[in-house]
Structures are given as structure tokens and as C-alpha cells.
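Participant: At position 69 of the sequence shown (counting the first as 1) the number is 71 in this note's numbering, and the numbers step up by one without a gap.
Every residue gets a Cβ at the ideal spot worked out from N, C-alpha and C, and that includes glycine.
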Amino acid sequence: MSLLQLPPELLIQVMDYVGSSFFAEDLERLIICKYWFSVACSAYFKHLRLCQKTLRRLLSSQFVDRNLSLVKDNLEFLDIDLKGFEDWNYEYLPGSPSDPQDLYYSDMTSTKPILAVWTTVLNHDLTQLYMTAEQSWKFRGLHIRAWSERHPHFHLRPRRDYLFLSTVRTLLMAEHLSVLELDLCGTLLVPRDEDGDDPHICTSISALLPTLSRLKLRMRSICAGVLTPSRHDTKSLLKEVLINLSLSNESPLITSAAHSTPCDVAGGGTVQLMADIEDQAKALVACMESPKIVRILTHTLPNLELRSLDVLTGKSMTMTKDMAWEDDGEAIVENEPDPGSD
3 MSLLQLPPEL LIQVMDYVGS SFFAEDLERL IICKYWFSVA CSAYFKHLRL
53 CQKTLRRLLS SQFVDRNLSL VKDNLEFLDI DLKGFEDWNY EYLPGSPSDP
103 QDLYYSDMTS TKPILAVWTT VLNHDLTQLY MTAEQSWKFR GLHIRAWSER
153 HPHFHLRPRR DYLFLSTVRT LLMAEHLSVL ELDLCGTLLV PRDEDGDDPH
203 ICTSISALLP TLSRLKLRMR SICAGVLTPS RHDTKSLLKE VLINLSLSNE
253 SPLITSAAHS TPCDVAGGGT VQLMADIEDQ AKALVACMES PKIVRILTHT
303 LPNLELRSLD VLTGKSMTMT KDMAWEDDGE AIVENEPDPG SD
């Protein structure tokens, strides 16, 4: 029997089984026929995976109203993968040198308008998408990865920031999120005039703690307030908390590494930040009804060995760069005192 001969309820189950990623690999898989398209789009828009280019295409399409309607009706998980200033092209700059290496040493003022437009369009698109996503009563998972600029000719130039604080704060206004994963290692959050007197994002994240079951965070600037629930008299639904303070593997073009820095409101240095995050994670565990994973990732110096602290057990592990943050690494055995040393 052909798949097209299946009743809608069975075809929907088939589409859900192959998942959104199957269609994301090749969007032509959506357009077999009108009946197939109507069912396949429901599966595709359940877990929507976008980068800057596909987000722009979604919102600039002649079918934008239909696209946003599908987001509103089906979206459950939104997965956004950003690379700093992706797809802007120096070749289209007026008077661009024939050798791109020459551009590195030239005055880059001619690129600023292009990058400013790229940044503005991206943040506007993210906000517009959220305005539709929040209307989906099924929407419960948000995952954003924001990497540094990876232009092969300009990798030695200073990192340039591209996410607005106001944009991320807007994305965190979703009322029913149960999964929040933010890996914003590639950009600081740029404050704007409309942000007023509160440039602090950690409180916006902690406000979601009552509804979250999974929290995964890496930001260039962070403080223990991100793990401080607004109420301490109720049990948290959180089961998984992953905080990565290491910026060691955010780009293969970067050979040095740093840790996240404390937010301005927190003060102190990196060592104090690590201690504050660990203390607050322990306090949060006491409020969690059934904690499953609570980990804090850092790295050692100078060898940049990735370490994971299991807050539930107090044990530390060494990790490899290809491991997921929640994976179990090799346990670090503390040196036991020599019985004959007394």
C-alpha cells in the first residue's frame, strides 16, 4: 500500500516518526502532492530548525502568511543555530581588494553598514518569529546556539557581537516553556536604548525556573542569579540543569580560551563566579522535586582540559570536547593520603 493511501491519522504517525529533521534535510520532500504537503508540513513545523539564512527565507517568502500560520498551529520546539554575520560577502563591497587578505589590513569602515544591516535584520526576524511562536499553545522548547564569526580571512579580528539584549529578553517571554537551551558563547548581548536601566538577562531566565524541566546555559556573562528561583516555598519541576562556564571550544579558529565573566551586578572574578554558581546550584537542588542531572562545566589552565562537576554527587569528571554536556566523563580520583605519611 502506498503511503498516500493511508488515512490521515496513520500518515501523521508516519510523519512524526521520521521527524522534522527528515524534511529539513531536503525541503522538496514536502511537496510530493497537496495531500502529502498538508500532513508533512505539520510534522516539519513541530520541531523547526533554522539558521539566519533559512529564517530570512521563511519570513521573506511570498508564502509568509501560510508559513507563519503553520508555525502558529504546529510549533513545539524551536531550534535556532546562528553563526556571526553568516553569508555577508566581502566580494560585494565597493572597491573590495582582489586578495581578501588585503581586506584584513584595510580600513573596515566600509563593512560596518553591511554588518549593521545584517544585525538589525536578524534581530527583527527573531522577534517577528517569536510573536508567532508564542501563539502556539504547543510551544514548549527553545534552543538557541549563537557562535562567533567564522570568516576564514578575518578570524584574527576582534569578535563582533550581534544579538540584541532586547531580542533575547523578548524570546524569554514565552509563558509555557519547559525546555530552555541557550548557548550564546559567540556574542555578548548588545544593550539598546529601549532596554532602559536593566541590562541584566539572568533575572529574565530565572523567572522561567518555575515552569522549566530542563535548563542548559552558556553565556559570555552570567551570575548566580540565573539559578535563583523567584519563590523558595514551592518545589521546582526542574530535572536537568547544565551550566557551561567554559568558552574553550566555541570556535576551532580560537586557540586561547576564557571562562564566562560575572555580570556587572555580581562583580568579583572568575574564581568567585564559579564558587557562586556552585553554591546556588546546590541551593537550587534543594528546591527541585526530582533532580536528575545538575552539572557545571569549566576548564583547567593551561591545558584547557574540560571538567564537569556533578552537583548531586560532588564528584568531578574530565570531558572530551566531542562529549555532550550531560555525558559522564572519566571520574577524577582525589589523591588519598598515604597511611604511612603520619
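So, C204 versus C187, is the Cβ gap smaller than 8 Å?
Facilitator: No. Outside cutoff.
Participant: For a minimum of 3 consecutive residues, which ranges assigned as the beta strand (DSSP E) are wholly contained in the region 284 to 339?
Facilitator: As far as the region 284 to 339 is concerned, its whole beta strand (DSSP E) runs of at least 3 residues are 295 to 301, 308 to 312, 318 to 321.
Participant: For S292, which residues of its own chain have a beta-carbon under 7 Å away from its beta-carbon, when the five flanking residues on both sides are left out?
Facilitator: Closer than 7 Å at Cβ, skipping near neighbours: K241.
Participant: Quick check on F65: buried or exposed, where buried means 16 or more other Cβ atoms within 10 Å of its Cβ?
Facilitator: With fewer than 16 Cβ atoms within 10 Å of its Cβ, F65 is classed as exposed.
Participant: Considering K55, what are the terminal residues of the alpha helix (DSSP H) in which it resides?
Facilitator: Taken as a continuous stretch (DSSP letters only), the alpha helix (DSSP H) holding K55 covers 54 to 62.
Participant: Could you tell me which residues DSSP pairs with V192 in its beta bridges?
Facilitator: Note: V192 sits in a beta bridge opposite F166.
Participant: For D281, which three-state DSSP category applies?
Facilitator: DSSP places D281 in helix when its eight states are reduced to three.
Participant: Between which residues of its own chain and Q282 is the CB-CB distance below 7 Å, once the five residues before and five after are set aside?
Facilitator: Contacts found: A226, L229, T230.
Participant: Does the pairing of the region 114 to 127 with the region 178 to 186 give three or more beta-carbon distances under 8 Å?
Facilitator: Segments in contact, no.
Participant: Quick check: the Cα distance between T213 and V192, rounded to an integer number of angstroms?
Facilitator: Roughly 27 Å between the two C-alpha positions.
Participant: Let me know the secondary structure DSSP gives L210 once reduced to three states.
Facilitator: Coil.
Participant: Taking the CB atoms as reference points, tell me whether M393 and I334 lie closer together than 8 Å.
Facilitator: The displayed coordinates of the chain run from 3 to 344. Any statement about residue 393 would go beyond what the structure contains.
Participant: Quick check on DSSP: helix, strand or coil for T129?
Facilitator: Helix at T129.
Participant: With DSSP as the reference, identify every bridge partner of F79, one or two as the case may be.
Facilitator: DSSP lists H49, G143 as partners of F79.
Participant: Quick check on DSSP: helix, strand or coil for Y92?
Facilitator: Note on Y92: pLDDT 48, under 50, position unreliable in the model; the coordinate value appears next. Residue state, collapsed to three classes: helix.
Participant: Rounding to the nearest angstrom, what Cα-Cα distance links T300 and R233 in this structure?
Facilitator: Rounded to whole angstroms, T300 to R233 spans 28 Å at the Cα level.
Participant: How long is the line joining the alpha carbons of R147 and V170, rounded to whole angstroms?
Facilitator: Their backbone Cα atoms lie some 12 Å apart in a straight line.
Participant: Suppose the cutoff is 8 Å on Cβ atoms and the five residues either side in sequence are ignored; what does the same chain contact list for E280 look like?
Facilitator: Counting only Cβ-Cβ distances below 8 Å, and skipping sequence neighbours, we find I298, L311, V313.
Participant: Among I245, L219, Q54, S215, which has the Cα closest to the Cα of M290?
Facilitator: Per the Cα distances, S215.
Participant: Does K74 come out as helix, strand or coil in the three-state DSSP assignment?
Facilitator: DSSP places K74 in helix when its eight states are reduced to three.
Participant: Tell me where the beta strand (DSSP E) around M221 begins and ends.
Facilitator: Residues 216 to 221.
Participant: Can you tell me the Cα-Cα spacing of W327 and L179, whole angstroms?
Facilitator: Each residue's alpha carbon lies about 21 Å from the other.
Participant: Taking DSSP as the reference, what is the three-state secondary structure of V273?
Facilitator: Correct three-state label for V273: helix.
Participant: How should S62 be labelled, buried or exposed, when 16 other C-beta atoms within 10 angstroms of its C-beta is the threshold for buried?
Facilitator: So S62 ends up on the exposed side.
Participant: What's the C-alpha gap between Q137 and A176?
Facilitator: Roughly 9 Å between the two C-alpha positions.
Participant: Taking Cβ positions, are L128 and L173 nearer each other than 8 Å?
Facilitator: Yes, the Cβ-Cβ distance between L128 and L173 is below 8 Å.
Participant: Go ahead and pull the three-state DSSP assignment for D67.
Facilitator: Helix.
Participant: Does DSSP put I116 in a helix, in a strand, or in coil?
Facilitator: Looking at I116 - three-state DSSP - the assignment turns out to be helix.
Participant: For K218, count the other beta carbons within 10 Å of its own beta carbon; 16 or more makes it buried, fewer makes it exposed. Which is it?
Facilitator: Buried.
Participant: I need the straight-line Cα distance from T302 to D329, nearest angstrom please.
Facilitator: Their Cα atoms are separated by approximately 18 Å.
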